[in-house]
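First the structure, in the form of structure tokens, and then the observations on it.
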Amino acid sequence: MTYNERLENVAVLGAAGKMGSGILLLTAVHMADLSLQNKDKTYVLYAIDVSDKALTGLMEYLRVQVRKLAEKKTVWLREMYADRNDLIENFDIIDEYIMDVLKIVRPVTAVEAAYNSNIVFEAVNENRALKVKLFTQIKQHASKDVWFFTNTSSVPIHLIDEEALLGGKVIGFHFYNPPAVQRLVELIKTDNTQQEVVDFAYEYAKNLKKIVVPSNDFAGFIGNGHFMRDGLHGMSEAQKLATEKNIPLYQAIYMINKVTQEYLIRPMGIYQLMDYVGIDVMQFILNVMNPFVSDEELHSDLLDKMMEQGVKGGQFSSGAQKDGFLKYEKGKPIAVWDIDKKEYVAFDTFKADADAMLGAIPESATPWKATLKMKNKDEVFNKFYTDLKTTDILGAKIALRYGKRSKAIGEKLVVDNVAHNADDVNTVMLTGFFHAYGPINNYFD
Amino acid sequence: MTAGYNTISLGTGRKEFNPRKPRPDIEHYIKEAGQGVLRQIGGAKNVDESVIGNFIAGRFNKQGHLDGFIPMIDKGLSMKPAVRVEGACASGGLSLVTGIRQVLAETSEVVLSLGFEVQNTVKAIYGADILALAGWFKKRKKGHAYFFPGQFSDRAGAYYEKYGYERTRKGMARWYANAIENARLDPTAQEYHNANPDPYATALKMQPNGKFFVDHLTVLDCSKVSDAASGISICSEEGLKRIGIDKKDAVEVIGFGHAVRDITSDPTDLTELETIKFAAHQALENAGITIDQVGTVETHDCFSIAGILAVEALGLAAKGEGADYVAEGKTGRNGELPFNTTGGLIGWGHPTGGTGVHQAVTIWQQLTGKAGDAQINISDDRPYGLTINMGGDDVTVTSIVFKRGE
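So the sequences go chain by chain: A and B.
So the mapping is simple: the numbering used here equals the position in the first sequence, first residue as 1, plus 4.
So the mapping is simple: the numbering used here equals the position in the second sequence, first residue as 1, plus 37.
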């Protein structure tokens, strides 16, 4: 079966979810583009989800997003529809293309729809038993030689393979959120993954213009392997800071969030990032990963407490941020959760004290956004972190400790053979997490 | 002509422009420009009739029947004649020559001439469809997604091939830099806030890329997508007395040209703007002057290449040497013959149906010393101003010669 033939019938499980909808969009557009170049073929993409309501929302999301993509490639689309004399203006062509993408997509709630598919993309909840159950069912009833692509960010792929009896026709294809925007894909093959599946995965990623970083098959892979440990460090730093300085934990959380954003020059602080991912998702992933590591404990009491109190973070279907460790107004954090009083405390009530405690950040600091187009980043970071080392403000001490820990986490991923090399770790953090520099660097030595 | 008025040219480049937020509507622009003129001429009671130029509000704004908006400007315009004229991007010029003809025909002493377009209602990719209606629709299917940039890209490509890429790009980059530098001197200009320290270098560095846009032009070679309106009053000597404005504060129309080329035929030579050449020479001849008596020109630089070709059409440079003429700075504000002194279509903005009127307002400002920071020196031996307004790909052209009243 050729690459194109394999893409003639595809299913996405969890298609209306946060990750699934992005995967569905990218795949639908790719299939539609193939259909324009192979007009005698019929392409079918099953969007499978448990919720009818969410599937209705998915179709609306697709309509809007496909228009945006079409507007960016109208020159090419005009060539593709050159033989259609009824389509003259860009208006006509873009509308036709939207219809051509949508008519490939079949939104359904029945998993049976996937029985005729050549490829099944899986983006359901991060629940190993559920993934295995669905794959087993489809594999048993499949009419074709079906391949499975799982978007899991933590479950070892070989376990899915063994438990669902997939015979090596499975690969980890881990998109970053949101898939339509983030260019990184972590590709995880097992010792058993068939080479033709791997070859297809690389070609598919290339056609989607993704940056592929291969990761070995260890729970959490590179991205979560780093992020989870980084987050745990952020939580233990806050707890330590609260005890040492005899300040409320919520104030320490605010301070660590500020340091990780402003001193480490990241797009958001670590607590905001944990809220973005979802406290529930994070706890879930830690639970998946923990049994597979022997030399450390991937667990946080603080996360457990947050979950007990029902504060979970994550996003609304509109993409807006739900409240978690922090409370948000128009996407910006304005208050922090007080785990003792079970209520949010506005930044304004303690910000001045907390900022004074951290000290004045050296003038050589650069906001993350300003570094995006910088050509002399390395020079700028060197200067700033050298300045940090020569000041004795509290913020600098926390930041330097954090940077060293982040590097140690990265290096351990290489030592433990999760990542092939330091560059892969850095690429994942640069492209998947939009860090301004990779964790394996010399700034903090 | 006298009592000119320009609204701000709103669109990308202006700090107050936010594509996601609601913006002023066509009613706002028509009113602002109309009232801006009426305030200077003693009110609507002095107006005999009005002409409003607009290209294609029917699609940008889903609004036709535009003469009906004239009495909205001021109740005093109610029950008076008004007409809407359209000749694509030359609609503003048509508004002017229609008014001039009415005055010459002595059917009116005071004509209110307006021109406007509100284009930011759709994204550029759809705006390109709408503006393509200035071409022949039967050629649309084979045209570029960005139809008009595609047309002038072909012209630029032909020019590169015939006369050399590097030297042409230098001329085009200088044209862009002049536009930006001039626009920075006019607070109503769309590029007024442009703070690029070296626009010439930016334009020279940017290479055309057909994969993302058109083959032979960059976005800096193109005029802006603009929302704006301009107005001016066209008066007989009687009319001028009626509104109580001194001749010194008015410009006299010495001559004008107006020509149309068959829209269904291709240009005979891609490196020549034959209609512009014809109409501009007609205007000069009609005025009884030659180009070396002209002190400033407002030409229709919808694309930088059109500016260069206009220089050649006017006979300022031989064919193939217009790019050098521009590159040498001769069209700059301190050059041999300053062009587009408030930025032109690339710098000030190009509200398609409003542009022709805006050009007349700029010439009126320059010749009567009302151009503020953008003021250039008009010497006694070259007291004339010239406008060239083009619709479509050199299809409809109006050209007017002005001189300060005395």
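Glycine included, each C-beta is placed from N, C-alpha and C at the ideal position.
Keep in mind the model is a prediction, meaning the values are calculated, not measured.
Check your understanding: Should B/G90 and B/Y200 be called a contact, given that it needs their Cβ atoms to be closer than 8 Å?
Key -> As a first step, residue 90 of chain B must be located in the second sequence, where it is residue number 53. As a first step, residue 200 of chain B must be located in the second sequence, where it is residue number 163. No, they are not a contact pair.
**Study point:** CA-to-CA distance, A/E241 to A/T375, given in whole angstroms
**Key:** To locate residue 375 of chain A, count along the first sequence from 1; it is residue 371. To locate residue 241 of chain A, count along the first sequence from 1; it is residue 237. For A/T375 and A/E241, the distance between alpha carbons rounds to 26 Å.
Exercise for review: Measuring alpha carbon to alpha carbon, tell me which of B/I137, B/K58, B/P61 ends up nearest B/S273.
Suggested key: As a working note, residue 273 of chain B is residue 236 in the second sequence. Ranking the options by Cα distance to B/S273, first place goes to B/I137.
Review point. Where does A/D75 sit, in a helix, a strand or coil, going by DSSP?
Key: Walking along the first sequence from the start, residue 75 of chain A turns up at place 71. In the sequence under discussion, the amino acid at residue 75 of chain A is Glu, which differs from the Asp named in the question. It is helical.
Review point. When the Cα atoms are used, what is the spatial distance from B/V155 to B/A210?
Key: Counted from its first residue, the second sequence places residue 155 of chain B at position 118. Counted from its first residue, the second sequence places residue 210 of chain B at position 173. Near 28 Å, if we compare the C-alpha coordinates of B/A210 and B/V155.
Practice item. Could you please give the first and the last residue of the uninterrupted beta strand (DSSP E) stretch that includes A/S298? Key: Walking along the first sequence from the start, residue 298 of chain A turns up at place 294. Neither: A/S298 is in no beta strand (DSSP E) and is coded neither H nor E.
Check your understanding: Taking DSSP as the reference, what is the three-state secondary structure of A/A146?
Key -> To locate residue 146 of chain A, count along the first sequence from 1; it is residue 142. Note: A/A146 maps to coil in three-state DSSP.
Exercise for review: Would you mind stating whether B/G124 and B/G428 have Cβ atoms separated by less than 8 Å?
Suggested key: Sequence index remark: in the second sequence, residue 124 of chain B carries index 87 (1-based). Sequence index remark: in the second sequence, residue 428 of chain B carries index 391 (1-based). Taking the C-beta atoms as reference points, B/G428 is found nearer than 8 Å to B/G124.
Exercise for review: List the residues of chain B whose Cβ lies closer than 9 Å to the Cβ of A/K78, in chain order.
Suggested key: Counting from one through the first sequence, the residue named residue 78 of chain A turns up at place 74. Before going on, a small fix: residue 78 of chain A reads as Thr here, not Lys. Those within 9 Å of A/T78 in chain B are I162, A165, A182, Y183.
Review point. Just curious, the alpha helix (DSSP H) that B/Y66 is in, first and last residue?
Key: Working through the second sequence from its first residue, we reach residue 66 of chain B at position 29. From DSSP, the alpha helix (DSSP H) with B/Y66 extends over 63-75.
Point to revise | 8 Å Cβ cutoff, B/K242 in contact with chain A | key: The residue given as residue 242 of chain B occupies position 205 in the second sequence. It does not; no Cβ of chain A falls within 8 Å.
Practice item. Could you tell me if B/K261 is buried or exposed, where buried requires 16 or more neighbouring beta carbons within 10 angstroms of its beta carbon? Key: By one-based count along the second sequence, residue 261 of chain B stands at place 224. Label assigned to B/K261: buried.
**Study point:** For A/M311, three-class secondary structure by DSSP
**Key:** For the purposes of this step, residue 311 of chain A is taken as the residue at position 307 of the first sequence. DSSP places A/M311 in helix when its eight states are reduced to three.
Exercise for review: Check whether the Cβ of B/R177 lies closer than 8 Å to any Cβ atom in chain A.
Suggested key: Taking the first residue of the second sequence as position 1, residue 177 of chain B is located at position 140. So, interface residue.
Exercise for review: Would you identify the three-state DSSP class for B/H318, choosing helix, strand or coil?
Suggested key: Within the second sequence, numbered from 1, the residue matching residue 318 of chain B stands at position 281. If DSSP states are grouped into helix, strand and coil, B/H318 belongs with the helices.
Check your understanding: Who are the Cβ neighbours of B/V438 in its own chain at under 8 Å, not counting the five residues just before and after it?
Key -> Residue mapping note: residue 438 of chain B aligns to position 401 of the second sequence, counting from 1. So the list reads V290, I291, G292, F293, A320, L321, N323, A324, I326, V331, Y421, G422, L423, once near-sequence residues are dropped.
Review point. Roughly how many angstroms lie between the CA atoms of A/D203 and A/I192, to the nearest whole one?
Key: As a working note, residue 203 of chain A is residue 199 in the first sequence. As a working note, residue 192 of chain A is residue 188 in the first sequence. For A/D203 and A/I192, the distance between alpha carbons rounds to 12 Å.
Exercise for review: With 8 Å as the threshold, decide whether the Cβ of A/E100 is near any Cβ in chain B.
Suggested key: As a position in the first sequence, residue 100 of chain A is number 96, starting the count at 1. No, because no Cβ of chain B sits closer than 8 Å to the Cβ of A/E100.
Point to revise | Continuous beta strand (DSSP E) assignments of at least 3 residues falling wholly in the stretch 392-439 of chain B | key: 421-428
Exercise for review: Give the interface partners of A/N94 over in chain B, defined as CB-CB distance under 7 Å, in chain order.
Suggested key: Within the first sequence, numbered from 1, the residue matching residue 94 of chain A stands at position 90. For A/N94, the chain B residues whose Cβ falls inside 7 Å of its Cβ are I162, Y163, A165, D166, A182, in order along the chain.
Review point. Got a sec? Which residues, its chain only, sit under 8 Å from A/R71 by beta carbon, not counting five neighbours each side?
Key: Taking the first residue of the first sequence as position 1, residue 71 of chain A is located at position 67. These residues qualify, in order along the chain: I98, I102.
Check your understanding: For the stretch 222-233 of chain A against the stretch 293-302 of chain A, are there 3 or more C-beta pairs whose distance is under 8 Å?
Key -> yes
Review point. So, are the CB atoms of A/E130 and A/F153 less than 8 Å apart?
Key: Within the first sequence, residue 130 of chain A is the residue found at index 126, counting from 1. Within the first sequence, residue 153 of chain A is the residue found at index 149, counting from 1. No, the pair does not count as a contact, with Cβ atoms beyond the cut-off.
**Study point:** Residue-chain proximity (A/N211, chain B), Cβ-Cβ < 8 Å
**Key:** For the purposes of this step, residue 211 of chain A is identified with residue 207 of the first sequence, where counting begins at 1. Not closer than 8 Å to any Cβ of chain B, the Cβ of A/N211 fails to qualify, so no.
Point to revise | Identity of the residues DSSP links to B/G294 by a beta bridge | key: Translated into positions along the second sequence, residue 294 of chain B becomes position 257. For B/G294, which the question treats as bridged, DSSP gives the partners B/S436.
Exercise for review: Have a look at the DSSP bridge pairing and note the partners of A/Q199.
Suggested key: What you label residue 199 of chain A is simply residue 195 of the first sequence in a count that begins at 1. For A/Q199, which the question treats as bridged, DSSP gives no partner whatsoever.
Practice item. List the endpoints of the continuous beta strand (DSSP E) containing A/A15. Key: Translated into positions along the first sequence, residue 15 of chain A becomes position 11. Where A/A15 is concerned, the enclosing beta strand (DSSP E) stretches over 13-17.
Review point. Where does A/E190 land, buried or exposed, given buried means 16+ other C-beta within 10 angstroms?
Key: Position 186 of the first sequence holds residue 190 of chain A. Result: buried.
Practice item. Could you tell me whether the Cβ of A/N89 comes closer than 8 Å to any Cβ of chain B? Key: Here residue 89 of chain A refers to the residue found at position 85 when the first sequence is read from its first residue. Chain B, which has a Cβ nearer than 8 Å to the Cβ of A/N89, makes this yes.
Review point. For the stretch 25-102 of chain A, which segments carrying the alpha helix (DSSP H) assignment without a break, of at least 4 residues, lie completely within its bounds, in sequence order?
Key: 56-76, 78-84
Exercise for review: Please list the partners that A/R82 has in chain B, where partner means a Cβ-to-Cβ separation under 7 Å.
Suggested key: Position 78 of the first sequence, counted from the first residue, corresponds to residue 82 of chain A. Neighbours of A/R82 in chain B, taken as residues at a C-beta separation under 7 Å, are given in chain order as A182.
Exercise for review: Below 8 Å CB to CB, which residues in the same chain sit around B/S115 once its five sequence neighbours on both sides are set aside?
Suggested key: Against the second sequence, residue 115 of chain B aligns to sequence position 78. Excluding positions up to five away in sequence, the list reads P108.
Practice item. Taking only runs that begin and end inside the stretch 354-423 of chain A, name each unbroken alpha helix (DSSP H) of 4 or more residues, in chain order. Key: 355-362, 372-375, 381-394, 398-419
Exercise for review: Look up B/W385 in the DSSP assignment and say whether it is helix, strand or coil.
Suggested key: In the second sequence, residue 385 of chain B corresponds to position 348, counting from 1. Looking at B/W385 - three-state DSSP - the assignment turns out to be coil, as it is neither helix nor strand.
Check your understanding: In whole angstroms, what separates the C-alpha of A/W341 from that of A/G317?
Key -> Residue 341 of chain A sits at position 337 when you count from the first residue of the first sequence. Residue 317 of chain A sits at position 313 when you count from the first residue of the first sequence. A/W341 and A/G317: Cα-Cα distance of roughly 11 Å.
Check your understanding: Which residues of chain B have a Cβ atom closer than 7 Å to the Cβ of A/E75, listed in chain order?
Key -> For this step, residue 75 of chain A is matched to residue 71 along the first sequence. For the C-beta of A/E75, the chain B residues within less than 7 Å are, from N- to C-terminus, K160, I162.
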